[in-house]
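Just so it is clear: in the sequence shown, position 8 is 56 by this note's numbering, and no numbers are missing.
Note that beta-carbon positions come from the ideal geometry of N, C-alpha and C, so glycine has one too.
Please read all numbers here as calculations on a predicted model, not as lab measurements.
For reference, the structure discussed in these notes is given below.
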Amino acid sequence: MIAIIFLVILAVIAVVLIGMYNSLVQLRVRCDSAWSDIDVQLKRRHDLIPNLVETVKGYAAHEKGTFENIAKFRSQAMQAVTPADKAEAENQLTGALKSLFAVAENYPELKASEEFTQLQGSLSQTEDSIQNARRYYNAVVRDLNTKIQVFPTNLMAGMFGFTQRQFFETTAADREPVQVKF
49 MIAIIFLVIL
59 AVIAVVLIGM
69 YNSLVQLRVR
79 CDSAWSDIDV
89 QLKRRHDLIP
99 NLVETVKGYA
109 AHEKGTFENI
119 AKFRSQAMQA
129 VTPADKAEAE
139 NQLTGALKSL
149 FAVAENYPEL
159 KASEEFTQLQ
169 GSLSQTEDSI
179 QNARRYYNAV
189 VRDLNTKIQV
199 FPTNLMAGMF
209 GFTQRQFFET
219 TAADREPVQV
229 KF
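What follows is the structure in structure tokens.
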């Protein structure tokens, strides 16, 4: 009888441990998936930027410094790997885009251009998608980091090498939306 009770207790402990491990794996996979979603939206943003710059160049060719900054920050953003590096590079790119839109304000014929208007709309939609993807990623990271730190899953996380993830944080300047004015 004692052997049966002991086996039942071992089975319950095994089920609990398996459940903890599986929940950690599920959160890790959700983090990877959420990061992939951010990457997709950032790539879309990076793909839109050259078209936007070329459109503005046609009207404001003498704004060379603005165009060079955007190219430089876009390249840095595309090469960044970690969430912290990506966030910093994307913040710089956002600042450069704001200066591009400020330049566009000085050219009424550019603001009236259908191509420019469509690109602005696409960029605005992409910015919204990036914001939503960041929010979801940070929520999943919060859940994973919490699970890694609380007892008893912290023991399981330590044994199997689960590590905390970085949040995709923004600066105060990046929290302001890109101005899209017509």
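The DSSP-derived three-state label of T218 is coil. Between the region 186 to 199 and the region 139 to 147, the count of C-beta pairs closer than 8 Å stays below three; the two stretches do not touch. No alpha helix (DSSP H) of 4 residues or more sits fully in the region 66 to 90. Rounded to the nearest angstrom, the Cβ distance from V198 to L158 is 54 Å, too far for a contact under 8 Å. In this chain, the alpha helix (DSSP H) harbouring P131 covers P131 to E153. Judged by DSSP in its simplified three-state form, F115 adopts helix.
Just so you know, the alpha carbons of L148 and A128 end up roughly 22 Å apart.
Take I97, set aside five residues on each side of it, and the residues of its chain with a beta-carbon closer than 6 Å to its own are R122, in chain order.
In the three-state reduction of the DSSP assignment, F121 falls in the helix class.
For F215 and D85, the gap between their C-alpha atoms comes out near 14 Å.
Here R213 is buried, its C-beta having at least 16 other C-beta atoms within 10 Å.
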